[in-house]
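K.L.:
Please find one structure pasted underneath; my questions will follow.
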Amino acid sequence: MSEKRYRIESVLAQIGSIEEPVTGAVNYPIYQATAFRHPRLGQSTGFDYSRTKSPTRAVLEEAAAALESGDAGFACSSGMAALQIVFTLFASGDHLIVSLDLYGGTYRLLERVLSKYGVTASYVDTNDLSALEDARQPNTKAIFIETPTNPLMMITDIRAVSQWARDHGLLTIVDNTLLTPFFQRPIELGADIVVHSATKYLGGHNDVLAGLIVSKGKELSEEIAFLHNSIGAVLGPTDSYQLMRGMKTLALRMERHQSNALAIAKYLQNHPQITEVFYPGLPDHPGYEIQNTQSSGNTGIFSFRVSDSRYVDPVLRHLKLIAFAESLGGVESLMTYPAVQTHADIPAEVRDAVGVDDRLLRFSVGIEHADDLIQDLEQALAAARAEVEGGSKNE
Ligand SMILES: Cc1ncc(COP(=O)(O)O)c(C=O)c1O
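Residue numbering for the sequence shown follows the working numbering, beginning at 25 and increasing consecutively.
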């Protein structure tokens, strides 16, 4: 697919489709081998040992690099594995500037693992250039951004921040999990490295755990290739195949996730039991304008606050179509309670200061019919109100 630049929908649908040289199979096969014969001493087919390079994974990695407009792609055993490999670029004494609101697992990796190796992090609102300047230290090596953030959907201006980072000799790393390259391509906006939990929208079916790294620049890409192989947290051939299979329909799914999320966010905005809805697709979201300048669409996940924390438990119990579960980005709608699930490893005082409190729910909107999802929310909120009001009367 290299001679002509196809639109992203076409590139996605054709991942691995025209690469298999022997049989012409339309889907690239799963090469389950870990070892590859050498034709003779000093010669290689390009594949020697599957941790270093594996055929099915290589097709996925090439596709990832092309989709994110990078030079190299690396498929990893999870999003956390991808993050660990990227953070291993840094050494004891190095400092990172990190988005204030971010996935709890990334916070845990930085605070409980990387800290043991002498890598430190400051958490700031990455859209505030003066806050970045205040946080910068002589040993600062990189800025790590989620945009939108998980779960509060804060938006960072990737162009402005990566320009600032470049001016100060820092790397810009963007976790692009929530938007995917279909809607946002951070490397085109100036970032050096993009990371994904491919478990989410890229896989799209809540059935494969995977991570991706895409890098720009020869030297950086070689360094990451070295770490990917040295650490060994690579994606297996079957998972690589399954991830590619999911990615083929990414464009269709993202459009539907987006339209469903917008319709439901609007509905919840006007609901008497909801005090706030955090969704960058709503014009009153503070990041709305920036989001529109750097991405072509919106994610299918948003968070909202119920007016009374006592609603949380009955809402989660009464949902019928929407599952109470801990992930995002799949075709099935999932509701998450970040304070006790995805973000439980962030200390309560840090969570509360950021806004991940006991009234916040995160909704990963699937591709079901929006009206059915609204109906499910409506009945669960009504049942929760009845329980809470009934309980109050009995007190
Ligand atoms: C934004 C973000 N980054 C990274 C991760 C980690 O990915 P994984 O669960 O695939 O290890 C997650 C997981 O929820 C996430 O939401």
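Each residue gets a CB set at the ideal place from its N, CA and C atoms; glycine is no exception. Bear in mind that the values here come from a model prediction, so they are computed numbers and not experimental data.
Taking the alpha carbon of residue 189 as the reference point, which residue from 249, 154, 111 has its own alpha carbon closest?
P.N.:
Locating residue 189 in the sequence shown gives position 165, where the first residue counts as 1. Cα-wise, what sits closest to residue 189 is 154.
K.L.:
CB-CB under 6 angstroms to residue 199, same chain, minus the five flanking residues each way: which ones, in chain order?
P.N.:
Position 175 of the sequence shown holds residue 199. Taken in chain order, the residues that qualify are 170, 219.
K.L.:
Can you tell me where the beta strand (DSSP E) holding residue 300 begins and where it ends?
P.N.:
Position 276 of the sequence shown, counted from the first residue, corresponds to residue 300. Its beta strand (DSSP E) spans residues 298-302.
K.L.:
Mind the definition here: the stretch 344-356 touches the stretch 104-120 only if three or more C-beta pairs lie below 8 angstroms; say whether that holds.
P.N.:
The stretch 344-356, when compared against the stretch 104-120, does not touch it at the 8 angstroms Cβ threshold.
K.L.:
So, helix, strand or coil for residue 155, using DSSP?
P.N.:
Mapped onto the sequence shown, residue 155 falls at position 131. Three-state DSSP puts residue 155 in a helix.
K.L.:
Tell me the DSSP bridge mates of residue 360?
P.N.:
Sequence index remark: in the sequence shown, residue 360 carries index 336 (1-based). In DSSP, residue 360 forms a bridge with 386.
K.L.:
Considering only the alpha carbon of each residue, which of 125, 185, 221, 297 lies closest to residue 231?
P.N.:
The count along the sequence shown starts at 1 and reaches residue 231 at position 207. Checking every option, the nearest Cα to that of residue 231 belongs to 221.
K.L.:
Would residue 351 and residue 224 be called neighbours here (beta carbons separated by less than 8 angstroms)?
P.N.:
In the sequence shown, counting from the first residue as 1, residue 351 sits at position 327. In the sequence shown, counting from the first residue as 1, residue 224 sits at position 200. In contact: residue 351 and residue 224 (Cβ atoms closer than 8 angstroms).
K.L.:
Pull up the distance between the alpha-carbon of residue 54 and that of residue 48, whole angstroms please.
P.N.:
If you number the sequence shown from 1, residue 54 lands on position 30. If you number the sequence shown from 1, residue 48 lands on position 24. Cα to Cα, residue 54 sits roughly 14 angstroms from residue 48.
K.L.:
Could you check what DSSP says for residue 396 in three-state terms: helix, strand or coil?
P.N.:
Taking the sequence shown and counting its residues from 1, one reaches residue 396 at position 372. Of the three classes helix, strand and coil, the one that applies to residue 396 here is helix, per DSSP.
K.L.:
Using C-beta distances below 7 angstroms, list every residue in its chain close to residue 174, excluding the 5 sequence neighbours before and after it, in chain order.
P.N.:
Sequence index remark: in the sequence shown, residue 174 carries index 150 (1-based). Hits under 7 angstroms: 126, 127, 202.
K.L.:
Between residue 356 and ligand 1, is the CB less than 7 angstroms from at least one heavy atom?
P.N.:
Numbered from its first residue, the sequence shown carries residue 356 at position 332. No, Cβ of residue 356 sits at least 7 angstroms from all heavy atoms of ligand 1.
K.L.:
May I ask which residues mark the beginning and end of the beta strand (DSSP E) holding residue 229?
P.N.:
Position 205 of the sequence shown, counted from the start, is the residue given in the question as residue 229. First-last for residue 229: undefined, no H or E at that position.
K.L.:
Can you confirm whether residue 190, when its beta carbon is compared against all beta carbons of chain E, has any partner nearer than 8 angstroms?
P.N.:
Given the protein chain composition of this structure (a single chain), no chain E is represented.
K.L.:
Runs of 4 residues minimum, wholly inside the stretch 132-180: which ones carry the alpha helix (DSSP H) assignment?
P.N.:
Complete alpha helix (DSSP H) runs here, min 4: 153-159.
K.L.:
Do residue 123 and residue 150 have their C-beta atoms closer together than 8 angstroms?
P.N.:
As a working mapping, residue 123 is identified with position 99 in the sequence shown. As a working mapping, residue 150 is identified with position 126 in the sequence shown. Cβ atoms of residue 123 and residue 150: closer than 8 angstroms.
K.L.:
Indicate whether the contact test is met: 3 or more Cβ pairs, each with one atom in the stretch 383-397 and one in the stretch 269-281, closer than 8 angstroms.
P.N.:
Output reads yes: the stretch 269-281 touches the stretch 383-397.
K.L.:
At the level of alpha carbons, what is the spacing between residue 210 and residue 309?
P.N.:
The residue you call residue 210 lines up with position 186 of the sequence shown. The residue you call residue 309 lines up with position 285 of the sequence shown. Using only the alpha carbons, I get a separation of about 21 angstroms.
K.L.:
In or out: residue 252 buried (at least 16 other Cβ within 10 Å) or exposed?
P.N.:
For the purposes of this step, residue 252 is identified with residue 228 of the sequence shown, where counting begins at 1. It counts as buried.
K.L.:
So for residue 378, helix, strand or coil by DSSP?
P.N.:
In the sequence shown, counting from the first residue as 1, residue 378 sits at position 354. It is helical.
K.L.:
The beta strand (DSSP E) spanning residue 199 covers which residue range?
P.N.:
Counting from 1 along the sequence shown, the entry for residue 199 is found at position 175. Unbroken beta strand (DSSP E) run through residue 199: 195-199.
K.L.:
Going by Cα to Cα distance, which pick from 207, 191, 33, 84 is closest to residue 172?
P.N.:
As a first step, residue 172 is located in the sequence shown; it is residue number 148 there, counting from the start. Among 207, 191, 33, 84, the Cα nearest to that of residue 172 is on 207.
K.L.:
Might you give, ordered along the chain, the residues of its own chain that have their beta carbon closer than 6 angstroms to the beta carbon of residue 262, omitting 5 neighbours on each side?
P.N.:
Taking the sequence shown and counting its residues from 1, the one referred to as residue 262 is at position 238. Around residue 262: 54.
K.L.:
Cutting at 6 angstroms between CB atoms, please list the residues of its own chain near residue 93, excluding the five before and the five after it.
P.N.:
Working through the sequence shown from its first residue, we reach residue 93 at position 69. Same-chain partners within the cutoff: 209, 211, 212.
K.L.:
Quick check on residue 52: buried or exposed, where buried means 16 or more other Cβ atoms within 10 Å of its Cβ?
P.N.:
Taking the sequence shown and counting its residues from 1, one reaches residue 52 at position 28. The residue in question, residue 52, is buried, as its Cβ has 16 or more Cβ neighbours within 10 Å.
K.L.:
What residues are listed by DSSP as bridge partners for residue 329?
P.N.:
Within the sequence shown, numbered from 1, the residue matching residue 329 stands at position 305. Answer is 300, 384, bridged to residue 329.
K.L.:
May I ask you to report which of helix, strand or coil DSSP gives residue 46?
P.N.:
Stepping through the sequence shown from its first residue, residue 46 is reached at position 22. In the structure shown, residue 46 sits in coil (DSSP, three-state: anything other than H, G, I, E or B).
K.L.:
Would you check if the stretch 365-385 and the stretch 318-333 touch, i.e. whether three or more CB-CB distances between them fall below 8 angstroms?
P.N.:
The stretch 318-333 is in contact with the stretch 365-385.
K.L.:
Could you tell me whether the stretch 236-250 touches the stretch 355-371, where touching means 3 or more Cβ pairs closer than 8 angstroms?
P.N.:
These segments do not touch.
K.L.:
Taking the alpha-carbon positions, what's the residue 148 to residue 233 distance?
P.N.:
Within the sequence shown, numbered from 1, the residue matching residue 148 stands at position 124. Within the sequence shown, numbered from 1, the residue matching residue 233 stands at position 209. About 29 angstroms.
K.L.:
Give the secondary structure of residue 252 by DSSP, where H, G and I count as helix, E and B as strand, and everything else as coil.
P.N.:
Residue mapping note: residue 252 aligns to position 228 of the sequence shown, counting from 1. Helix, per DSSP.
K.L.:
Run the proximity test for residue 331: is its beta-carbon closer than 7 angstroms to any non-hydrogen atom belonging to ligand 1?
P.N.:
Against the sequence shown, residue 331 aligns to sequence position 307. Answer for residue 331: no, Cβ out of range of ligand 1.
K.L.:
Would residue 228 and residue 274 be called neighbours here (beta carbons separated by less than 8 angstroms)?
P.N.:
By 1-based counting over the sequence shown, the position of residue 228 is 204. By 1-based counting over the sequence shown, the position of residue 274 is 250. A contact, by the Cβ cut-off of 8 angstroms.
K.L.:
Less than 8 angstroms separating the beta-carbons of residue 113 and residue 246?
P.N.:
As a position in the sequence shown, residue 113 is number 89, starting the count at 1. As a position in the sequence shown, residue 246 is number 222, starting the count at 1. Cβ atoms of residue 113 and residue 246: not closer than 8 angstroms.
K.L.:
By the 10 Å Cβ neighbour count, where 16 or more other Cβ atoms means buried, how is residue 313 classified, buried or exposed?
P.N.:
Within the sequence shown, residue 313 is the residue found at index 289, counting from 1. Burial call: exposed.
K.L.:
Just to confirm, does residue 171 get its C-beta within under 7 angstroms of one of the non-hydrogen atoms of ligand 1?
P.N.:
Residue 171 sits at position 147 when you count from the first residue of the sequence shown. No, ligand 1 has no heavy atom inside 7 angstroms of this Cβ.
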